[in-house]
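**Q** Position 626 of the sequence shown, counted from 1, bears residue number 626 in the UniProt record's numbering, the numbering being contiguous throughout. Dropping the structure in here first, questions after.
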Amino acid sequence: MTVAIIGNPNTGKSTLFNLLSGGHAHIGNFPGVTVEKKVGHVHWEGRELDLVDLPGTYSLAPRSIDEMVAVDVLLGRQKQVDRPDAIICIADASNLERNLYLFSQIMDLTIPVILVLNMYDLARSRGIEIDAAGLSKKLNVPVICTEAHHGVGIADVKQAILEIEPGRQHTAQQLFPENFYAERKLLQEKLKNEENQTPPDFLVDRLLLDVGGYVEAYFEDHTQNGLIDQLHESRTRLKESGCVVPAMEARVRYAWAREQLSGVLTHPQDHQETVSDKIDRWLTHPVLGFLFFFLLMFFVFQSVFTWAGPAMEYIESGQGIVEETAQALVGPGPLRSLLVDGVIAGVGGVLIFLPQIVILYFFIAVLEDSGYMARAAYIMDRLMRSLGLSGKSFIPLMSSFACAVPGIMATRVIENRHERLTTILVAPLMSCSARWPVYTLFIAAFIPNIVYFSIAGSPLVSLQGIVLFAMSSIGALIAIPVAWFLKRICFKGEVAPFVMELPGYKWPSPRHVFYRVYNRAKSFVVKAGTLIFATSILIWAAGYFPGDHTEQFKVETRLETIDASLAELETQIADAEVLEPAAVKGLQAQQAELSAEQEILAEKQNQISSQLVENSFLGQAGHFIAPVVKPLGWDWKIGVGVIASFPAREVIISTLGTIYSLGGDVGEDDEGLIGSIRSATWPDGSKVFNIPVAVSIMVFFALCAQCAATLMVMRRETNSWFWPAVSFTYMTTLAYLGALVCYQVGMLLI
Numbered sequence: 001m002t003v004a005i006i007g008n009p010n011t012g013k014s015t016l017f018n019l020l021s022g023g024h025a026h027i028g029n030f031p032g033v034t035v036e037k038k039v040g041h042v043h044w045e046g047r048e049l050d051l052v053d054l055p056g057t058y059s060l061a062p063r064s065i066d067e068m069v070a071v072d073v074l075l076g077r078q079k080q081v082d083r084p085d086a087i088i089c090i091a092d093a094s095n096l097e098r099n100l101y102l103f104s105q106i107m108d109l110t111i112p113v114i115l116v117l118n119m120y121d122l123a124r125s126r127g128i129e130i131d132a133a134g135l136s137k138k139l140n141v142p143v144i145c146t147e148a149h150h151g152v153g154i155a156d157v158k159q160a161i162l163e164i165e166p167g168r169q170h171t172a173q174q175l176f177p178e179n180f181y182a183e184r185k186l187l188q189e190k191l192k193n194e195e196n197q198t199p200p201d202f203l204v205d206r207l208l209l210d211v212g213g214y215v216e217a218y219f220e221d222h223t224q225n226g227l228i229d230q231l232h233e234s235r236t237r238l239k240e241s242g243c244v245v246p247a248m249e250a251r252v253r254y255a256w257a258r259e260q261l262s263g264v265l266t267h268p269q270d271h272q273e274t275v276s277d278k279i280d281r282w283l284t285h286p287v288l289g290f291l292f293f294f295l296l297m298f299f300v301f302q303s304v305f306t307w308a309g310p311a312m313e314y315i316e317s318g319q320g321i322v323e324e325t326a327q328a329l330v331g332p333g334p335l336r337s338l339l340v341d342g343v344i345a346g347v348g349g350v351l352i353f354l355p356q357i358v359i360l361y362f363f364i365a366v367l368e369d370s371g372y373m374a375r376a377a378y379i380m381d382r383l384m385r386s387l388g389l390s391g392k393s394f395i396p397l398m399s400s401f402a403c404a405v406p407g408i409m410a411t412r413v414i415e416n417r418h419e420r421l422t423t424i425l426v427a428p429l430m431s432c433s434a435r436w437p438v439y440t441l442f443i444a445a446f447i448p449n450i451v452y453f454s455i456a457g458s459p460l461v462s463l464q465g466i467v468l469f470a471m472s473s474i475g476a477l478i479a480i481p482v483a484w485f486l487k488r489i490c491f492k493g494e495v496a497p498f499v500m501e502l503p504g505y506k507w508p509s510p511r512h513v514f515y516r517v518y519n520r521a522k523s524f525v526v527k528a529g530t531l532i533f534a535t536s537i538l539i540w541a542a543g544y545f546p547g548d549h550t551e552q553f554k555v556e557t558r559l560e561t562i563d564a565s566l567a568e569l570e571t572q573i574a575d576a577e578v579l580e581p582a583a584v585k586g587l588q589a590q591q592a593e594l595s596a597e598q599e600i601l602a603e604k605q606n607q608i609s610s611q612l613v614e615n616s617f618l619g620q621a622g623h624f625i626a627p628v629v630k631p632l633g634w635d636w637k638i639g640v641g642v643i644a645s646f647p648a649r650e651v652i653i654s655t656l657g658t659i660y661s662l663g664g665d666v667g668e669d670d671e672g673l674i675g676s677i678r679s680a681t682w683p684d685g686s687k688v689f690n691i692p693v694a695v696s697i698m699v700f701f702a703l704c705a706q707c708a709a710t711l712m713v714m715r716r717e718t719n720s721w722f723w724p725a726v727s728f729t730y731m732t733t734l735a736y737l738g739a740l741v742c743y744q745v746g747m748l749l750i
């Protein structure tokens, strides 16, 4: 069986899905859209079922291709998903009349339905009484009361699903006047003549009812036989008969809902102020609410940045241990290089993002499950609307300051397609932590440490600090006009009205939070991680081939032999100092001789590595783009560093260390690297680096899309290579122009 799960937002749909699927869900995207596809494959009492979690929606009136997904799944028109044998419609028991609007649309289909009244405990706490048996008799469908948050009623839902016979259908209800169905029949005949097949009744109903909706736009683009003219005529005839479209649908469906609830639903006579109402006096206050939100966001992002640090260090340490093990097991050669610099580095490049993703999604899951996320979007909506976005874009953009990867993944809270795409395209402009090593290196090397203000000898305001702040802020400033351009030019249309239900506050479910975090982490590793890993292997190959590494391997072999000999000598010297002091001097002489040879060979190894990089495909690419980057004040070495840092921006540090014959294990604060950069010269003897060049490089890295992980996650989230290509193109163009202006103007001033 295939069972679709659908409901209004904030009805506990995801919680119920996770409980029914046991957390074993495959997460992806529906083909061609940004809508998330969650399918859980389960075995119940010897039967196999696919549970399909559909996007939360208030109705089945699609306004875009993304919103059409739910309709296509229910009609069996969506690729990769079988037509459902049953539908579970989840309704908020405390707001049943409004929730039955969606349920009434589902009843227009011929698929068996189970109505789940979730958050039944909340309804009772508000004095609402529901006769579930009486409602089931009226609707002629199973009605089950649940408290998914506490796992109550889940077994009853499973049993109700198992009692449905696969392939069984029910008669679709007809709520509208007879003349409506007469007009539907005329349109079906027109469509049959055009496409030689009769579309489903429900789809033609949506064509009639949704003025300017996606279904109308689709048929307008795909039909040429006067269908749209007849559609307008049908709506005119309905209007003349008193059935005004689209207002008729709301009037009819809500009247039906009130009729079904009559006698089975009892409300308290007086409105009771809930605990959520009392909390919202403070948390949605124009001033106090914003202050609380600011402090909460500061704590969240400080936690992401701080808590992820130790975990990332453990991952790096573990990566180092695995590399050492591989080096001990495999001698110098192509296989070792592939394993250490390609495979292990590639896996490490994926896992290094996990701590930030896990921590950020933990907070997002807690905020969503508690009910506060809706308040956060409400508070920030006015500010974000000035950029053409909604309040839901704020958290993804803010989290991108730590890392754009979890930031882009967090855009799944945005239902509107255009707002989500705009947020995804703007998020990489936020200055993530991977850019900081680049800033640190060039600020330390070329920006004077001038202190403007200090207290008790501790500098508070300095030129280096100002430059670091400027580099960290430039992306966010550029994001403002970029977002405005995208919304006004590329994604034309008014900003979607901000309509959001504020659900009641509740304690987050640990099980639900765990499932959310686990599924997001798993999705990143399995889907985006494979692409990031592949990119790392390609960059390794470009830096390794086609050079002859024979001499490099000989030097590495000799260095490892010397390391083993020196370790053995250390032990012998320690023993001789106790047992045979006369032998110590001879052993120390051998130690000094080996240490001198080690130093010479290490320098030779760095020189060989530098030459190999220059002659590799990567180095050739650097020489190839040299004429393009020369107007920025760069030489081919900087070009190689930029290309090599595509898997991760901070890789430019180790690449420059290799190119300048210092080895690939240097850090951004390495004095040798800083000195080499300062003394680098052009063939004519002039200095390569100066302040304009340093600023040019920093601005380029602040604005460019120089991060394979970000682009791969973007491809994963949009289900298309088009948007990563757009992001890479426009950001690289912005970065190039920004670097060009900084260098050319800077050279005029010095």
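Ideal Cβ placement from N, Cα and C applies to all residues, glycine included.
Rounded to a whole number of angstroms, what is the C-alpha to C-alpha distance between G348 and G318?
**A** When rounded, the distance between both Cα atoms is 9 Å.
**Q** In whole angstroms, what is the alpha-carbon distance linking G619 and L749?
**A** The straight-line gap from Cα to Cα measures roughly 32 Å.
**Q** Between A4 and F485, what straight-line distance do the alpha-carbon atoms span, to the nearest angstrom?
**A** Approximately 38 Å, taken between the alpha carbons.
**Q** Extract the residue ranges of the alpha helix (DSSP H) inside the segment 460-494, only unbroken runs of 4 or more that lie entirely within it.
**A** Within the segment 460-494, the complete alpha helix (DSSP H) runs of at least 4 residues are 463-485.
**Q** Restricting to runs no shorter than 3 residues, where is the beta strand (DSSP E) found entirely within the segment 196-264?
**A** Counting only runs of 3 or more, we get nothing.
**Q** Report, in whole angstroms, the separation of the C-beta atoms of E419 and L389, which I expect to be a contact under 8 Å.
**A** With 8 Å as the limit, E419 and L389 qualify as a contact, their Cβ atoms being about 6 Å apart.
**Q** In terms of residue numbering, what span does the alpha helix (DSSP H) encompassing N719 cover?
**A** Neither: N719 is in no alpha helix (DSSP H) and is coded neither H nor E.
**Q** Leaving out five residues before and five after R412 in sequence, what residues of the same chain have Cβ atoms less than 7 Å from its Cβ?
**A** Hits under 7 Å: E36.
**Q** When you compare only the Cα positions, how much space is there between Y537 and V340?
**A** The identity of residue 537 in the sequence shown is Ile, whereas the question assumes Tyr. Taking the straight line joining both Cα atoms gives about 11 Å.
**Q** Measure the alpha-carbon distance for F17 versus I164 and round it to whole angstroms.
**A** Rounded to the nearest angstrom, the two C-alpha atoms are 18 Å apart.
**Q** Assuming N416 is part of the beta strand (DSSP E), what are its boundary residues?
**A** Premise fails: N416 is in no beta strand (DSSP E) and is neither H nor E.
**Q** Taking the C-alpha atoms as reference points, what is the distance between E313 and P166?
**A** If I take the Cα positions, the gap works out to 52 Å.
**Q** If you check the beta carbons only, do L74 and I27 fall under 9 Å apart?
**A** Going by C-beta atoms, L74 is not nearer than 9 Å to I27.
**Q** Tell me, please, whether the segment 208-218 touches the segment 145-157 by the rule of three or more beta-carbon pairs shorter than 8 Å.
**A** At 8 Å Cβ cutoff, the stretches do not touch.
**Q** Would you identify the three-state DSSP class for N449, choosing helix, strand or coil?
**A** Correct three-state label for N449: coil.
**Q** Where does G547 sit, in a helix, a strand or coil, going by DSSP?
**A** Three-state result, G547: coil.
**Q** Here's a check: name, in chain order, each residue in its chain whose Cβ is nearer than 7 Å to the Cβ of S509, leaving out the five neighbours to either side.
**A** Cβ within range, chain order: T15, H149, D369.
**Q** I'd like to check one pair, L569 with L601: are the Cβ atoms closer than 9 Å?
**A** No. Outside cutoff.
**Q** Would E249 be called buried (16 or more neighbouring beta carbons within 10 Å of its own) or exposed?
**A** When all chains shown are included, E249 counts as buried.
**Q** Starting from the C-beta of K79, find all residues in its chain whose C-beta is less than 6 Å away, skip the five residues before and the five after it, and write them out in chain order.
**A** So the qualifying residues of the chain are P31.
**Q** What is the DSSP secondary structure of T266, reduced to helix, strand or coil?
**A** Correct three-state label for T266: strand.
**Q** Between Y214 and P62, is the Cβ-Cβ spacing less than 9 Å?
**A** Closer than 9 Å, so yes.
**Q** Note the first and the last residue of the continuous beta strand (DSSP E) segment covering V143.
**A** Where V143 is concerned, the enclosing beta strand (DSSP E) stretches over 143-145.
**Q** What residues are listed by DSSP as bridge partners for V39?
**A** Looking at the DSSP assignment, V39 forms a beta bridge with H26, V52.
**Q** From what residue to what residue does the beta strand (DSSP E) around T2 run?
**A** Note, T2: beta strand (DSSP E), 2-7.
**Q** So, is A534 buried or exposed, given that buried needs 16 or more other C-beta atoms within 10 angstroms?
**A** A534 comes out exposed.
**Q** How about N179: is its Cβ closer than 8 Å to a heavy atom in the ligand COA?
**A** In the structure on display, the ligand COA does not appear, and there are no ligands present to speak of.
**Q** Is the segment 643-652 close to the segment 585-605, with three or more CB pairs under 8 Å?
**A** Taking 8 Å as the limit for Cβ pairs, the verdict is that the segment 585-605 does not touch the segment 643-652.
**Q** Rank A702, V39, A735, M1 by C-alpha distance to the C-alpha of S523 and give the top, closest one.
**A** The shortest C-alpha separation from S523 is found at V39.
**Q** Is the CB-CB distance between Q169 and I130 below 9 Å?
**A** No, they are not a contact pair.
**Q** Give the single residue among C243, E323, S94 whose Cα lies nearest to the Cα of P503.
**A** Here the closest residue by C-alpha is S94.
**Q** With distances taken Cα to Cα, identify the nearest neighbour of N690 among L632, R715, L703, E717.
**A** Comparing Cα-Cα distances from N690 to each of L632, R715, L703, E717, the minimum goes to L632.
**Q** In terms of alpha-carbon separation, which member of V81, R126, E97, V71 lies closest to I106?
**A** Of the candidates V81, R126, E97, V71, the one whose C-alpha sits nearest the C-alpha of I106 is V71.
**Q** Assuming Q598 contacts I562 (C-beta within less than 8 Å), just tell me the rounded distance between them.
**A** Indeed, because the Cβ distance is near 5 Å, the residues count as touching under 8 Å.
**Q** Under 9 Å between the Cβ atoms of Y505 and G371?
**A** Their beta carbons are under 9 Å apart, which means Y505 touches G371 by this criterion.
**Q** When the distance is taken between beta carbons, is G289 closer than 9 Å to I379?
**A** Yes; because the gap between Cβ atoms is below 9 Å, this pair is in contact.
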